[in-house]
Each structure stands twice: as C-alpha cells, then as structure tokens.
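For the sequence shown, our numbering gives the first residue as 16, with consecutive numbering after it. Yeah, the Cβ is synthetic: ideal placement off N, Cα and C, and Gly gets one too.
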Amino acid sequence: MKRTLLTLCALLGLLSAAADEGMWLPSLISERIDDMRAKGFRLTAEDIYSINRASMKDAVVLFDGGCTGELVSAEGLLLTNHHCGYDAIQRHSTVEHDYLTYGFWARTRQEELPNKDLNVRFLVRMEEVTDRISAGETSAEIIRKAEAEAPGYRATVEQMYYGDQQFLFVYEQFDDVRLVAAPPSSIGKFGGDTDNWIWPRHTGDFSVFRIYASPDNKPAAYSPDNVPYRPKKFFTISTKGFREGDFTMIYGFPGNTQEYILSDAVDYVARLSDPAKIAIRDGRLEIITQAQESDPALRIHYAAKHAAIANAWKKWQGEVLGLTRMKTVETKRRQEETFARENSRGAELLDAMRAEYRRITTPYFAREITLETLRALPAKYTDEERAEAVFPARRETEERLFRWLFGEYARRCPAQYQIPEFLDGVAESGSPEAFADRVFEQVWAGGDAPLADSLRTGSKRMLDHITWLLGTDRLRNLTSKRLDGLYREYVHGLRQTWPERPFYPDANLTLRVAYGAIAGYEYADGEYHTPQTTLDGIIAKDNPEIYDYDIPQALRDLYAAKDYGRWGVVINGRRTVPVCFLASNHTTGGNSGSPVLNGRGELIGINFDRTWRSTMSDIAFDPSICRNIAVDIRYVLFVMDRIGGAKNLIKEMNIK
Ligand code: ARG
Ligand code: GLU
Numbered sequence: 016m017k018r019t020l021l022t023l024c025a026l027l028g029l030l031s032a033a034a035d036e037g038m039w040l041p042s043l044i045s046e047r048i049d050d051m052r053a054k055g056f057r058l059t060a061e062d063i064y065s066i067n068r069a070s071m072k073d074a075v076v077l078f079d080g081g082c083t084g085e086l087v088s089a090e091g092l093l094l095t096n097h098h099c100g101y102d103a104i105q106r107h108s109t110v111e112h113d114y115l116t117y118g119f120w121a122r123t124r125q126e127e128l129p130n131k132d133l134n135v136r137f138l139v140r141m142e143e144v145t146d147r148i149s150a151g152e153t154s155a156e157i158i159r160k161a162e163a164e165a166p167g168y169r170a171t172v173e174q175m176y177y178g179d180q181q182f183l184f185v186y187e188q189f190d191d192v193r194l195v196a197a198p199p200s201s202i203g204k205f206g207g208d209t210d211n212w213i214w215p216r217h218t219g220d221f222s223v224f225r226i227y228a229s230p231d232n233k234p235a236a237y238s239p240d241n242v243p244y245r246p247k248k249f250f251t252i253s254t255k256g257f258r259e260g261d262f263t264m265i266y267g268f269p270g271n272t273q274e275y276i277l278s279d280a281v282d283y284v285a286r287l288s289d290p291a292k293i294a295i296r297d298g299r300l301e302i303i304t305q306a307q308e309s310d311p312a313l314r315i316h317y318a319a320k321h322a323a324i325a326n327a328w329k330k331w332q333g334e335v336l337g338l339t340r341m342k343t344v345e346t347k348r349r350q351e352e353t354f355a356r357e358n359s360r361g362a363e364l365l366d367a368m369r370a371e372y373r374r375i376t377t378p379y380f381a382r383e384i385t386l387e388t389l390r391a392l393p394a395k396y397t398d399e400e401r402a403e404a405v406f407p408a409r410r411e412t413e414e415r416l417f418r419w420l421f422g423e424y425a426r427r428c429p430a431q432y433q434i435p436e437f438l439d440g441v442a443e444s445g446s447p448e449a450f451a452d453r454v455f456e457q458v459w460a461g462g463d464a465p466l467a468d469s470l471r472t473g474s475k476r477m478l479d480h481i482t483w484l485l486g487t488d489r490l491r492n493l494t495s496k497r498l499d500g501l502y503r504e505y506v507h508g509l510r511q512t513w514p515e516r517p518f519y520p521d522a523n524l525t526l527r528v529a530y531g532a533i534a535g536y537e538y539a540d541g542e543y544h545t546p547q548t549t550l551d552g553i554i555a556k557d558n559p560e561i562y563d564y565d566i567p568q569a570l571r572d573l574y575a576a577k578d579y580g581r582w583g584v585v586i587n588g589r590r591t592v593p594v595c596f597l598a599s600n601h602t603t604g605g606n607s608g609s610p611v612l613n614g615r616g617e618l619i620g621i622n623f624d625r626t627w628r629s630t631m632s633d634i635a636f637d638p639s640i641c642r643n644i645a646v647d648i649r650y651v652l653f654v655m656d657r658i659g660g661a662k663n664l665i666k667e668m669n670i671k
C-alpha cells in the first residue's frame with residue numbers, strides 16, 4: 016500500500032504538466048486562466064476567445080496554410096515571418112527588382128503586390144461536436160452546414176485526444192493578401208542556415224502583408240476594387256520592453272506534436288527513424304555542399320534545396336539529443352507500468368498497443384526510408400531547369416545524389432518492402448550505384464525515362480500498400496487506424512486516472528494558446544544563456560566575406576552613428592537596439608509568425624524558431640531548457656523605420 020502511494024506520488028510528479036508546458040484550446044482557456052493570471056496575465060478568458068465580441072483570436076490568422084500571422088492595424092496590416100512570406104517575396108523578385116536581396120517597401124497602397132494562391136484564415140468559432148457525431152451526423156454534413164452559413168466560410172472537423180473529442184472549426188478565408196514590405200534577406204534571413212535553430216540569434220525574420228476585402232468587408236477574390244480589410248481586432252504594440260521572468264503568451268497554429276505516445280514509439284523515433292533520416296541527409300548535404308563550394312553558380316542554385324534539407328536534419332538531431340538526455344523512453348516505461356497497475360484495462364490495452372506497434376513499425380519505417388530516398392529524387396528535370404545556364408554544371412552533383420540515395424534505399428529499406436522494380440534493376444546492374452547510373456542517364460537525357468517511370472510506379476504501389484496495411488492515410492507519425500483507436504482509450508484512461516493533471520490535445524494545426532515567460536536557460540553547469548540579443552551582436556557577427564553574415568551597409572552606418580532614434584534602449588549600460596529574445600512557450604512548426612504577447616495582450620515579438628536542443632518538446636517538454644525564439648518587435652520597427660524608411664507603416668500601427 017505504502018509503495019503504491021509512493022509510486023503514485025512520483026508518477027504524479029512526472030505527469031503533472033510542468034510550468035509552461037502546453038498548447039491549449041482557446042475556447043477552453045477559462046480552465047487555465049487562473050494559472051495564467053497567477054503568472055502575470057492581466058486580461059480575461061473572454062479577451063482571448065469570445066464568440067460574442069471581438070477578442071484576440073480575431074487578430075490571429077493561419078497564414079498560407081502552414082504559418083501564423085497577426086493583425087497590427089485597423090486597415091488589415093499583418094505581420095508574419097520573412098521565411099513564411101519567402102515564396103511571395105521570391106515570386107515578385109526579378110533581376111531588376113530583386114526584393115529578396117534588397118528588400119521591398121510599398122510606399123502607397125497601389126504599390127502593394129497581390130499574390131496568387133496566398134490566403135489567410137480567421138477562426139470564426141470552434142465548438143465540440145463529439146455528441147453530434149455520436150448521434151450519427153457525419154463530419155461532412157457538419158462541415159457542409161457550417162460552410163453554408165456565409166460566403167468565405169471554410170470548416171474542418173478535427174480530432175482531439177485521438178478522436179476522444181471532435182471539434183468543428185469554422186474559418187473565414189481571405190484570398191486577396193498583398194505583400195507590403197520585406198527587409199533585405201541579409202536582415203530577414205541573417206545567419207541563414209548556420210544560425211538556424213541556434214541561440215544566440217540575430218535574425219530579423221519578419222515580413223508585412225495586408226488583407227484586402229470587398230467594399231462591405233467580406234472575403235473576395237483579388238480585385239482592384241477591393242479595399243483594406245477592417246479587422247474586428249488588432250494588436251497594440253508595446254515598445255516598453257520586458258525583463259526575464261515576465262509573462263509571455265503565444266497565439267498561433269502549431270502543426271504536429273505527439274506528447275502521449277508510448278515508450279515504444281519514442282524509442283522508434285530516437286533510435287531508428289531519426290538516426291536513419293539524419294544519416295541519409297548527411298550524405299545529401301555533403302554532396303550538395305561540395306558542389307556549392309566548387310562553383311558560385313551552384314552555391315546559389317542549391318541554396319534553397321540545402322536550407323530545406325538542413326532544417327529538419329538539424330531539428331531531428333536536437334530531438335534525438337533531447338529525448339536521450341531526458342531519458343524519455345525510460346520515464347514513459349515507468350509511467351506505463353503504473354498505468355497498467357492503476358487502470359483496470361491498462362495492462363490489456365498496453366499489450367494490444369505494443370502488438371500493433373510490432374505489426375506496423377517495419378512497414379512504416381520502409382515508408383519513411385522510401386520518401387527520404389527514392390521519392391526525394393526527381394522523376395524528370397523540367398524544361399525551365401534545363402534552360403538554366405547552371406544546368407550542365409549540375410550533372411555530377413545530381414548523379415552523385417542518385418547514387419547515394421539508391422545505395423541508402425538498398426541498405427536501409429527493410430528487404431520485404433523494397434520494390435521489385437528496384438531489386439531487379441540492382442540484380443541486372445550489379446549494384447545499387449550501377450543501377451543508379453543507368454536510371455540517371457535516362458532522366459538526365461530528357462525524353463522517355465522508362466526505368467525511372469517504373470521505379471516511380473513501383474514505389475507508389477508500395478506506399479499505397481503500406482497505407483493500406485496501416486489502414487489510414489493520416490500518417491504524419493508512426494501510427495495506424497487500429498492504434499488511433501487504442502490511443503483514444505489510452506489517453507482517455509490517462510485523463511480519468513489522473514484528473515488533476517492538465518491534459519492538452521496534441522498540436523494539429525488548430526489555434527492554440529501557449530504561455531510562459533521571458534527566460535534564458537542553463538544547458539549545462541556554467542553554461543547559461545541570457546534571453547536577449549542586440550544590434551551589437553549583429554555587428555560582432557558581421558562579415559562581408561561570409562554570405563550568411565554580410566549585413567547591409569545601411570545597418571553598419573546606423574550602428575556607427577548610433578542613430579537608433581526612438582528604438583534605441585539601454586541594455587547593460589550600453590545604448591543599443593534589442594534584436595531577438597528567448598521565452599519558455601511551448602511551440603512547434605506552424606507557430607512561425609505567431610504573435611508573442613505580454614501580460615496586457617500587447618505585441619512584443621514575432622515567434623520564428625526554437626533552439627535545436629528544444630525540439631524534443633514535440634514529444635516531451637523540458638521546462639528547464641525548452642525555449643522558443645522570437646524577433647523583438649523593437650527591432651522590427653527599427654528596420655521598418657531606419658532601413659525601410661517606412662514612416663507610413665510606423666504611423667499606421669498603434670505603438671505604445
Ligand atoms: N527553423 C525554423 C523553422 O523550422 C526556420 C526555418 C527557416 N530558416 C532557415 N534558415 N532555413 O521552420
Ligand atoms: N521555424 C518553425 C516554423 O516555421 C518554428 C520552429 C519550431 O518551433 O519548430 O514554424
């Protein structure tokens with residue numbers, strides 16, 4: 016009896032959501048509001064989310080289907096990250112108007128640039144529909160009814176806690192979103208891939224857009240007759256500054272977390288999946304880096320590719336490190352043992368889940384390897400690519416990538432899931448590399464490429480087969496239809512067994528609130544990281560010889576003249592401009608561009624990253640080291656004002 020009590024206490028300690036962990040549903044935020052207020056929030060639950068009056072949710076948007084943005088003026092002005100606006104900025108860039116390199120500042124509304132295929136979504140309301148679905152209504156019917164309420168409405172039904180609860184989300188979508196401003200990449204992408212996921216950080220990762228609506232303020236396709244959207248709510252900006260320990264809140268659209276998975280799944284991520292994917296990308300990055308170092312034209316050509324491959328590659332390394340450091344597999348095993356004892360169906364349930372993991376792990380792994388290898392190669396090179404001057408110089412690099420990825424597929428993809436077309440090709444050619452050469456020859460030559468086509472068809476058939484085995488095409492993580500059902504029971508059981516523990520549903524690209532504080536972190540004995548960087552740090556990194564650290568001359572001049580205007584502040588006795596800061600908010604991919612708010616709900620920064628050592632927070636959050644990274648709003652304003660000369664924007668916003 017005494018032992019059970021002890022383990023129970025230990026377990027509660029392990030399970031209780033530690034300070035700052037959590038991504039909370041806005042409509043249920045009243046359950047957290049006492050804790051938030053105790054930590055420094057000054058407003059009410061109704062201020063965060065209300066369907067009766069304007070609230071903070073009306074100033075937050077899902078931007079371009081994968082980022083977050085926030086409204087900062089009565090005329091539809093919106094802030095997000097530079098890396099979220101990157102596609103739009105790039106599409107408007109030409110040799111004569113290179114907005115990526117030099118930045119873009121619309122001086123008038125007429126100069127604001129429309130963007131095809133760019134939309135934003137406001138959350139109109141969310142409501143639980145679990146009962147309606149149990150009563151027999153289908154998601155499709157619920158969605159159809161919601162979308163019929165008003166033009167521009169889009170609805171989805173999303174599962175929380177593996178479907179234990181279902182929520183309807185009704186959005187108002189605006190399709191006329193125009194580019195207003197972007198800093199030069201040497202500010203907006205300062206530090207590039209070198210600094211990505213790294214603290215200390217000095218990236219001015221912001222861009223500015225404006226939402227346009229019909230004259231009656233409703234969603235409308237692009238038209239020159241559209242007018243700036245008048246939002247129900249926009250954020251006031253605070254330049255008053257903050258201290259370590261001050262309350263912060265993030266309101267945005269986190270994409271994907273898996274906080275409740277069994278130790279078996281954590282083990283899969285940390286020991287099998289991440290290490291394999293990292294190793295495959297090691298080789299790709301090495302080949303691409305060598306090409307980039309050999310030829311300036313190739314350096315530019317492969318820049319975006321390199322950045323895309325390196326982003327997840329670095330994140331996975333942090334995830335493995337963090338899960339290992341936290342001993343998440345061991346901790347979860349102990350929790351599972353206790354659950355098996357405390358819950359009457361616990362042992363049976365866990366056995367069933369483990370059996371299902373044994374059934375699905377190999378095919379799911381094969382799927383991941385296939386996507387990272389064969390499916391990462393081009394089936395053909397487009398005519399545009401072929402017409403580029405750099406194309407002939409790419410030949411050797413592309414050939415090496417084919418060889419590397421064919422070899423990795425042969426070595427790593429579980430044999431029973433290797434496609435017959437591949438095995439035949441290797442047998443005929445003598446080795447995966449020799450087969451790669453033959454396939455590459457055809458693809459490079461253009462025209463028909465029967466070998467590549469049959470590999471494509473074969474791998475598609477195999478991926479479809481694996482999807483069929485798993486019983487679902489919702490495969491963002493190691494899961495199956497049967498497992499989803501078992502997890503529904505398991506998480507339900509966890510919530511019943513430990514009612515005092517705060518549970519939040521996994522991120523699924525629905526609107527969430529995360530709250531925490533401005534916070535540095537001590538990673539190891541004596542290794543403390545302060546939470547604020549400044550312009551002085553940019554100048555210290557500045558180096559015209561290094562592409563990622565070559566700042567605009569204008570910024571050097573402002574620094575030399577200490578010409579900071581109203582954006583200058585004194586930090587540690589030195590007059591400077593604040594640039595980035597760290598906080599303990601629980602975030603993930605999709606939170607890029609999210610507003611970082613102070614206790615009064617005023618905008619103090621724009622979220623854009625985490626430290627790589629934090630990235631295990633998608634599975635297990637460690638409050639002592641997990642930190643998100645934001646660009647300080649005062650740096651954003653300084654760049655708009657002093658680099659962009661955008662007095663019009665400064666005037667338009669409400670700055671305190
Ligand atoms: N790591 C950030 C995020 O996951 C920023 C990525 C864009 N920046 C870059 N240097 N690649 O998405
Ligand atoms: N950069 C990420 C994004 O684009 C945010 C970083 C993270 O927390 O994963 O959403």
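Between the options, which has its C-alpha nearest residue i's C-alpha?
i: Leu484; options: Thr472, Arg497, Val585 and Ser639; result: Arg497
i: Leu493; options: Ala235, Lys671, Arg369 and Gly508; result: Arg369
i: Leu618; options: Glu142, Phe262, Lys247 and Arg225; result: Phe262
i: Asp563; options: Gly207, Ala391 and Pro407; result: Gly207
i: Glu414; options: Trp459, Glu436 and Thr123; result: Trp459
i: Ile324; options: Glu387, Arg314 and Thr145; result: Glu387
i: Pro435; options: Glu448, Glu400, Ala404 and Lys475; result: Lys475
i: Leu138; options: Arg348, Met264 and Phe182; result: Phe182
i: Leu478; options: Asp540, Ala381, Gly445 and Ile554; result: Ala381
i: Gly608; options: Ala235, Asp488 and Phe221; result: Phe221
i: Ser599; options: Thr591, Leu612, Pro638 and Arg349; result: Pro638
i: Arg390; options: Glu403, Arg426 and Ala467; result: Ala467
i: Ile276; options: Val344, Glu36 and Arg340; result: Val344
i: Thr123; options: Arg340, Gln433, Ala661 and Arg642; result: Ala661
I'd like the span of the alpha helix (DSSP H) that includes residue i, first residue to last.
i: Ser278; result: Ser278 to Asp282
i: Leu526; result: Careful: Leu526 lies outside any alpha helix (DSSP H) and carries neither H nor E.
i: Ala576; result: Gln568 to Ala576
i: Phe56; result: No alpha helix (DSSP H) contains Phe56, which DSSP labels as neither H nor E.
i: Met631; result: Unbroken run through Met631: none, as it is neither H nor E.
i: Ala89; result: From DSSP, Ala89 is part of no alpha helix (DSSP H); its letter is neither H nor E.
i: Leu364; result: Gly361 to Glu387
Taking only three categories from DSSP, how would you classify residue i?
i: Ser309; result: helix
i: Cys428; result: coil
i: Thr171; result: strand
i: Arg581; result: helix
i: Gly28; result: Residue placement at Gly28 is poorly supported in this model, since its pLDDT is 41, which falls under 50; the coordinates are not used for a value here.
i: Gln457; result: helix
i: Ala534; result: coil
i: Thr19; result: Model confidence at Thr19 stands at a pLDDT of 45, short of 50, so the residue's coordinates are unreliable and nothing is read from them.
i: Trp483; result: helix
i: Thr591; result: strand
i: Gln547; result: strand
i: Cys99; result: helix
i: Arg106; result: helix
i: Lys671; result: coil
i: Ala464; result: coil
i: Trp39; result: strand
i: Tyr8; result: The chain is shown from 16 up to 671; residue 8 falls before or after that span and cannot be answered.
i: Glu542; result: strand
i: Val139; result: strand
i: Pro129; result: strand
i: Pro559; result: coil
i: Ala449; result: helix
i: Trp120; result: strand
Could you please give the first and the last residue of the uninterrupted beta strand (DSSP E) stretch that includes residue i?
i: Val646; result: Asn643 to Asp647
i: Phe623; result: Leu618 to Arg625
Is any non-hydrogen atom of ligand 3 found closer than 7 Å to the C-beta of residue i, if you look at the structure I gave you?
i: Cys641; result: This structure lacks ligand 3; the ligands present are ligand 1 and ligand 2.
| Could you name the residues, in chain order, whose CB is less than 7 Å away from a heavy atom belonging to ligand 1? | Any heavy atom of ligand 1 counts here; residues with a Cβ closer than 7 Å to one of them, in chain order, are His98, Lys204, Gly207, Asp208, Asn211, Trp212, Ala322, Ala325, Asn326, Lys330, Gly604, Ser607, Phe623 and Asp624.
| query | Can you list the beta strand (DSSP E) stretches of 3 or more residues lying completely in the region 235-274, in chain order? | reply | Complete beta strand (DSSP E) runs here, min 3: 262-267.
| query | Fully enclosed by the region 163-216, which beta strand (DSSP E) runs are 3 residues long or longer? | reply | The region 163-216 is shown to contain whole beta strand (DSSP E) runs of 3 or more residues at 168-175, 180-189 and 191-197, in chain order.
| said: Give the list of continuous beta strand (DSSP E) stretches no shorter than 3 residues that lie fully inside the region 287-332. | reply: Correct list: empty.
| task | Return the chain-ordered ranges of every alpha helix (DSSP H) run that is complete within the region 56-85 and spans a minimum of 4 residues. | result | Along the length of the region 56-85, whole alpha helix (DSSP H) runs at least 4 residues long occupy 60-63, reported in chain order.
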